[in-house]
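Novice: Got a structure for you, questions after.
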Amino acid sequence: MANVSLRNLVKEYDGGVQAVKGINLDIQDHEFVVLVGPSGCGKTTTLRMIAGLEEITKGEVDIGGNVVNDVPPRDRDIAMVFQNYALYPHMSVYENMAFGLTLRKFARSEIDKRVKNAARILDIEPLLERKPKALSGGQRQRVAMGRAIVRDPKVFLFDEPLSNLDAKLRVQMRTEIKKVHQTVRTTTVYVTHDQVEAMTLADRVVVMNHGIIEQVGPPQELYHNPATRFVAGFIGSPAMNFLHARVENDAVHLTDGTVLPIPESRRARYANAVGKPLLFGIRPEHLTDHRPHLPGRADLIITPEVIEPMGMETMVHFHLGDARDCCARFEPTVHVEPNVPITLTVDMNNMHLLDEATGKVL
Amino acid sequence: MQAATMGRRSGSLRAERRWALWTAYVSLIIACVIFLMPPVYMLITSLKTNAEMANLQGNPWIVLNPTLEHYRAIVENPLFLTFFWNSIKVTVVTVILSMVISVLAAFALARMRFWGSQWLATGVFLTYLVPDTLLFIPLYQIVGGLGLLNNTWGLVLVYPTLTVPFCTWIMIGYFASIPKELDEAALIDGASWPQMLIKIFIPVALPGIIAATIFAFTVSWAAFVYPTAFITTPDQMPLTIGVVSTLVRGDTFAWGQIMAGALLAALPPVIVYAFLMDYYIAGLTAGATKG
Numbered sequence: 001m002a003n004v005s006l007r008n009l010v011k012e013y014d015g016g017v018q019a020v021k022g023i024n025l026d027i028q029d030h031e032f033v034v035l036v037g038p039s040g041c042g043k044t045t046t047l048r049m050i051a052g053l054e055e056i057t058k059g060e061v062d063i064g065g066n067v068v069n070d071v072p073p074r075d076r077d078i079a080m081v082f083q084n085y086a087l088y089p090h091m092s093v094y095e096n097m098a099f100g101l102t103l104r105k106f107a108r109s110e111i112d113k114r115v116k117n118a119a120r121i122l123d124i125e126p127l128l129e130r131k132p133k134a135l136s137g138g139q140r141q142r143v144a145m146g147r148a149i150v151r152d153p154k155v156f157l158f159d160e161p162l163s164n165l166d167a168k169l170r171v172q173m174r175t176e177i178k179k180v181h182q183t184v185r186t187t188t189v190y191v192t193h194d195q196v197e198a199m200t201l202a203d204r205v206v207v208m209n210h211g212i213i214e215q216v217g218p219p220q221e222l223y224h225n226p227a228t229r230f231v232a233g234f235i236g237s238p239a240m241n242f243l244h245a246r247v248e249n250d251a252v253h254l255t256d257g258t259v260l261p262i263p264e265s266r267r268a269r270y271a272n273a274v275g276k277p278l279l280f281g282i283r284p285e286h287l288t289d290h291r292p293h294l295p296g297r298a299d300l301i302i303t304p305e306v307i308e309p310m311g312m313e314t315m316v317h318f319h320l321g322d323a324r325d326c327c328a329r330f331e332p333t334v335h336v337e338p339n340v341p342i343t344l345t346v347d348m349n350n351m352h353l354l355d356e357a358t359g360k361v362l
Numbered sequence: 363m364q365a366a367t368m369g370r371r372s373g374s375l376r377a378e379r380r381w382a383l384w385t386a387y388v389s390l391i392i393a394c395v396i397f398l399m400p401p402v403y404m405l406i407t408s409l410k411t412n413a414e415m416a417n418l419q420g421n422p423w424i425v426l427n428p429t430l431e432h433y434r435a436i437v438e439n440p441l442f443l444t445f446f447w448n449s450i451k452v453t454v455v456t457v458i459l460s461m462v463i464s465v466l467a468a469f470a471l472a473r474m475r476f477w478g479s480q481w482l483a484t485g486v487f488l489t490y491l492v493p494d495t496l497l498f499i500p501l502y503q504i505v506g507g508l509g510l511l512n513n514t515w516g517l518v519l520v521y522p523t524l525t526v527p528f529c530t531w532i533m534i535g536y537f538a539s540i541p542k543e544l545d546e547a548a549l550i551d552g553a554s555w556p557q558m559l560i561k562i563f564i565p566v567a568l569p570g571i572i573a574a575t576i577f578a579f580t581v582s583w584a585a586f587v588y589p590t591a592f593i594t595t596p597d598q599m600p601l602t603i604g605v606v607s608t609l610v611r612g613d614t615f616a617w618g619q620i621m622a623g624a625l626l627a628a629l630p631p632v633i634v635y636a637f638l639m640d641y642y643i644a645g646l647t648a649g650a651t652k653g
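One line per chain: the protein sequences are A and B, in this order. So in our numbering the end of the first sequence lands on 362, straight run, no missing numbers. So in our numbering the end of the second sequence lands on 653, straight run, no missing numbers.
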């Protein structure tokens with residue numbers, strides 16, 4: 001178990017392309033940190049630098065108080081789970097899990113104890129004698145995790161471990177991973193492009209974009225108080241609605257003339273934004289069916305274009321301001337029909353205003 | 363309407379398939395006949411008595427009085443056993459040497475990124491394109507300089523020039539088809555490069571290694587130009603030239619024994635192929651789809 005620190009970490013590839021542009025991050029002992037972001041944001045490169053599979057151009061990686069820049073992967077005391085499992089095809093499940101311990105010359109009885117213990121945690125005891133090709137995707141992923149667990153390393157590294165699984169299995173394995181972490185408590189760095197995975201698993205989420213860290217924080221914090229437009233748009237599904245707006249007379253004015261009064265508690269916060277070009281951000285779950293008793297609400301009449309019943313909720317798409325597709329989340333019991341105007345409540349206590357020029361949330 | 367169209371389409375598909383099958387069968391049969399004719403003719407001739415061979419009246423494809431006398435003569439000839447032993451010795455050592463060199467070279471060229479590795483890989487393949495009929499002259503100087511002329515160990519030294527480039531090439535393709543994550547997992551698990559090669563790459567690439575081994579075996583077993591050039595006395599000769607040089611005296615050809623000897627000499631590669639054919643095909647086609 002150990003802390004992990006990244007200090008001014010830079011990765012530059014041949015030709016001067018910077019994949020990681022000087023990031024700083026402190027990961028606490030026992031913490032589960034998820035690096036999330038779109039393809040090419042530098043999250044996997046960062047993980048591989050921690051693992052020692054990628055050379056560090058500048059900066060430092062510190063594991064358990066030691067700078068490990070020049071330490072080979074095998075001496076970093078880490079374990080990694082890969083997207084495509086990377087199980088040794090010619091070895092049985094037992095041998096796959098025991099391989100790292102055998103190389104480290106552990107006693108046979110100790111290896112046996114650890115492998116069986118990990119197999120019990122992961123519920124793969126009946127599979128120990130099988131070869132990887134006789135396993136399903138989910139079982140292979142468990143074996144890959146087992147291989148990491150038996151080593152009892154300082155840090156677990158996960159590189160998009162669930163991306164190759166189907167949707168149902170992914171949700172199931174997500175829970176498994178969280179359960180395993182609650183049992184073994186090893187410091188974990190987990191990379192994914194799936195924000196739901198990030199939110200559900202992480203103690204803290206690190207949102208990356210274009211090689212920099214946009215924001216670090218607990219999932220709820222990122223959801224409620226995103227720092228930038230990128231984070232606001234990336235976290236949450238369906239994504240936040242953004243509409244061009246101005247602030248005047250304690251109200252948000254959309255481009256189509258819609259006026260949404262700002263609740264009193266937020267007026268001081270937006271005092272400096274008057275007259276500036278802004279973006280009004282509101283999540284679909286804060287655009288709901290009519291709720292007359294909601295404090296700080298604004299009501300609008302909209303004309304639904306597309307209705308998507310999801311069972312536990314109904315997504316309603318419509319035009320608002322300059323946004324061609326605004327999305328609202330209605331209770332499934334509310335009757336909505338396309339092209340029939342309906343009253344919608346905007347929960348202004350959960351609104352966001354962003355400076356259009358800097359992309360920062362005000 | 364739609365059903366009718368679909369019916370017609372599947373009908374034409376079936377017709378196309380039938381046509382493709384026919385073409386395949388006909389061309390394969392022609393190829394088999396062409397390639398099997400010489401060995402079959404050898405077999406027939408080896409079973410004829412000398413008198414029958416000399417008789418030009420009969421049908422050359424029919425044996426009237428089959429005999430094993432040529433085979434007996436060959437097997438009872440102590441020289442033939444010497445040739446056989448020389449061939450086995452040279453081939454086994456060459457195969458081992460070639461495989462050790464090519465597996466190590468291919469592992470380095472496929473996996474350890476170092477300056478010039480791409481060029482080296484291409485260079486290895488290019489050396490394969492130089493024919494042995496061109497190489498034997500400079501190699502004669504080298505083998506002579508080492509004092510290994512007319513010595514089976516001289517052959518062990520030069521045969522790898524034929525086998526190593528191709529075997530390395532096959533192995534590079536095979537190693538390249540092994541996912542990169544496998545080495546990374548092994549590195550993190552604590553393996554050194556040699557451990558990674560021995561415990562992961564060699565077992566995973568076994569079909570490729572077997573394919574390369576068969577190739578090396580065939581090439582060194584059947585080599586003709588080098589032993590012709592470097593070996594002069596029967597005690598050092600391998601089968602390929604031994605059979606020809608001892609059974610042809612002036613302009614007298616002991617055809618029956620030549621045929622019997624050649625067939626016996628061809629037997630080991632046939633046996634090896636028969637057992638390892640599946641591995642050979644798998645090894646040659648690996649890497650074709652990836653990398």
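We put the CB at the ideal spot given by N, CA and C, even for glycine. Remember, it's a predicted structure, so these values are computed and weren't measured experimentally.
Using a C-beta cutoff of 9 Å, does residue 566 of chain B count as contacting chain A?
Specialist: Along the second sequence, one-based indexing puts residue 566 of chain B at 204. Yes - at least one Cβ of chain A is within 9 Å of the one on residue 566 of chain B.
Novice: What residues from chain A crowd round residue 604 of chain B, counting only those whose CB sits closer than 9 Å?
Specialist: Along the second sequence, read from residue 1 onward, the residue named residue 604 of chain B stands at position 242. Those do not exist, as residue 604 of chain B stays about 41 Å from chain A at its closest Cβ, beyond 9 Å.
Novice: Between residue 250 of chain A and the rest of its own chain, which residues show a CB-CB distance below 6 Å, the 5 nearest in sequence each way excluded?
Specialist: Along the first sequence, one-based indexing puts residue 250 of chain A at 250. The residues are 262 and 267.
Novice: For a contact defined as C-beta to C-beta under 9 Å, what are the partners of residue 351 of chain A on chain B?
Specialist: Counting from one through the first sequence, the residue named residue 351 of chain A turns up at place 351. In chain order: nothing, as chain B lies at least about 45 Å away.
Novice: Roughly how many angstroms lie between the CA atoms of residue 111 of chain A and residue 151 of chain A, to the nearest whole one?
Specialist: Taking the first sequence and counting its residues from 1, the one referred to as residue 111 of chain A is at position 111. Taking the first sequence and counting its residues from 1, the one referred to as residue 151 of chain A is at position 151. So the two alpha carbons sit approximately 9 Å from each other.
Novice: Return helix, strand or coil for residue 526 of chain B, following the three-state DSSP convention.
Specialist: Counting from 1 along the second sequence, the entry for residue 526 of chain B is found at position 164. In the structure shown, residue 526 of chain B sits in a helix (DSSP, three-state: H, G or I).
Novice: Mind listing the chain B neighbours of residue 397 of chain A? Cutoff is C-beta to C-beta under 7 Å, in chain order.
Specialist: Because chain A in this structure spans residues 1 to 362, residue 397 of chain A falls outside the shown range and cannot be described.
Novice: Could you please tell me which residues of the segment 95-115 of chain A, in chain order, have their CB closer than 8 Å to any CB of chain B?
Specialist: Going along the segment 95-115 of chain A in chain order, one finds 99, 100, 103 and 104 with a Cβ nearer than 8 Å to chain B.
Novice: Could you tell me the distance, in whole angstroms, from the CA atom of residue 367 of chain B to the CA atom of residue 375 of chain B?
Specialist: For the purposes of this step, residue 367 of chain B is identified with residue 5 of the second sequence, where counting begins at 1. For the purposes of this step, residue 375 of chain B is identified with residue 13 of the second sequence, where counting begins at 1. Below a pLDDT of 50, predicted positions are generally treated as unreliable, and residue 367 of chain B, at 48, falls in that range; the measurement from the model is reported next regardless. Those two C-alpha atoms are separated by around 12 Å.
Novice: If we call anything under 9 Å between Cβ atoms a contact, is residue 51 of chain A one with residue 80 of chain A?
Specialist: Counting from one through the first sequence, the residue named residue 51 of chain A turns up at place 51. Counting from one through the first sequence, the residue named residue 80 of chain A turns up at place 80. Yes, they are a contact pair.
Novice: Residues of chain B with CB closer than 8 Å to the CB of residue 80 of chain A, please, in chain order.
Specialist: Taking the first residue of the first sequence as 1, we reach residue 80 of chain A at position 80. The contacting residues are 546, 547 and 550.
Novice: Excluding the 5 residues flanking residue 19 of chain A on each side, which residues of the same chain have their C-beta closer than 7 Å to its C-beta?
Specialist: As a working note, residue 19 of chain A is residue 19 in the first sequence. Cβ within range, chain order: 11, 13, 42, 45 and 211.
Novice: Check for me: the beta strand (DSSP E) holding residue 270 of chain A runs from which residue to which?
Specialist: Sequence index remark: in the first sequence, residue 270 of chain A carries index 270 (1-based). Here residue 270 of chain A belongs to no beta strand (DSSP E), and DSSP marks it neither H nor E.
Novice: Could you tell me whether the Cβ of residue 640 of chain B comes closer than 9 Å to any Cβ of chain A?
Specialist: Along the second sequence, read from residue 1 onward, the residue named residue 640 of chain B stands at position 278. No, because no Cβ of chain A sits closer than 9 Å to the Cβ of residue 640 of chain B.
Novice: Take the Cβ of residue 197 of chain A as the centre, count every other Cβ of all protein chains shown within 10 Å, and call the residue buried at 16 or more, exposed below.
Specialist: Along the first sequence, one-based indexing puts residue 197 of chain A at 197. Buried, since its Cβ has 16 or more Cβ neighbours within 10 Å.
Novice: Measuring CB to CB, does residue 489 of chain B end up less than 9 Å from residue 523 of chain B?
Specialist: Within the second sequence, numbered from 1, the residue matching residue 489 of chain B stands at position 127. Within the second sequence, numbered from 1, the residue matching residue 523 of chain B stands at position 161. Yes; because the gap between Cβ atoms is below 9 Å, this pair is in contact.
Novice: Can you list the alpha helix (DSSP H) stretches of 4 or more residues lying completely in the segment 131-168 of chain A, in chain order?
Specialist: Those alpha helix (DSSP H) runs which fall completely within the segment 131-168 of chain A and span 4+ residues are 137-150.
Novice: Where residue 449 of chain B and residue 600 of chain B are concerned, what is the direct C-alpha to C-alpha distance, given to the nearest angstrom?
Specialist: The residue labelled residue 449 of chain B in the question sits at position 87 within the second sequence. The residue labelled residue 600 of chain B in the question sits at position 238 within the second sequence. Whole-angstrom Cα-Cα distance: 5 Å.
Novice: Any idea what DSSP makes of residue 253 of chain A, helix, strand or coil?
Specialist: Taking the first residue of the first sequence as position 1, residue 253 of chain A is located at position 253. Looking at residue 253 of chain A - three-state DSSP - the assignment turns out to be strand.
Novice: Can you find a CB in chain B that lies within less than 9 Å of the CB of residue 117 of chain A?
Specialist: On the first sequence, residue 117 of chain A is found 117 positions in, with the first residue counted as 1. Taking Cβ atoms only, chain B never reaches closer than 9 Å to residue 117 of chain A, which makes this a no.
Novice: For residue 551 of chain B, does the three-state DSSP call read helix, strand or coil?
Specialist: Reading the second sequence from its first residue, position 189 is the one you call residue 551 of chain B. Note: residue 551 of chain B maps to helix in three-state DSSP.
Novice: Could one say the Cβ of residue 130 of chain A lies closer than 9 Å to chain B's Cβ atoms, at least one of them?
Specialist: By one-based count along the first sequence, residue 130 of chain A stands at place 130. Chain B, which has no Cβ nearer than 9 Å to the Cβ of residue 130 of chain A, makes this no.
Novice: What does a CB cutoff of less than 7 Å around residue 511 of chain B pick up in its chain, not counting 5 residues either side in sequence?
Specialist: Translated into positions along the second sequence, residue 511 of chain B becomes position 149. If we look at residue 511 of chain B and ignore the five residues flanking it on each side, its Cβ neighbours are 505 and 592.
Novice: In angstroms, rounded to a whole number, what distance separates the CA positions of residue 33 of chain A and residue 306 of chain A?
Specialist: Reading the first sequence from its first residue, position 33 is the one you call residue 33 of chain A. Reading the first sequence from its first residue, position 306 is the one you call residue 306 of chain A. Those two C-alpha atoms are separated by around 38 Å.
Novice: In chain A, which residues lie less than 7 Å from residue 543 of chain B when you measure between Cβ atoms?
Specialist: The residue labelled residue 543 of chain B in the question sits at position 181 within the second sequence. Going along chain A in sequence order, the residues near residue 543 of chain B (Cβ under 7 Å) are 82, 84 and 86.
Novice: Can you tell me the Cα-Cα spacing of residue 104 of chain A and residue 552 of chain B, whole angstroms?
Specialist: One-based indexing of the first sequence puts residue 104 of chain A at position 104. One-based indexing of the second sequence puts residue 552 of chain B at position 190. The straight-line gap from Cα to Cα measures roughly 7 Å.
Novice: Going by the DSSP bridge assignment, what does residue 352 of chain A pair with across the sheet?
Specialist: Taking the first sequence and counting its residues from 1, one reaches residue 352 of chain A at position 352. Bridge partners of residue 352 of chain A: A:281.
Novice: Please look up how many angstroms separate the CB atoms of residue 155 of chain A and residue 187 of chain A, rounded, as I've assumed it's under 8 Å.
Specialist: Residue mapping note: residue 155 of chain A aligns to position 155 of the first sequence, counting from 1. Residue mapping note: residue 187 of chain A aligns to position 187 of the first sequence, counting from 1. Right, the Cβ-Cβ distance comes to about 5 Å (below 8 Å), so this counts as a contact.
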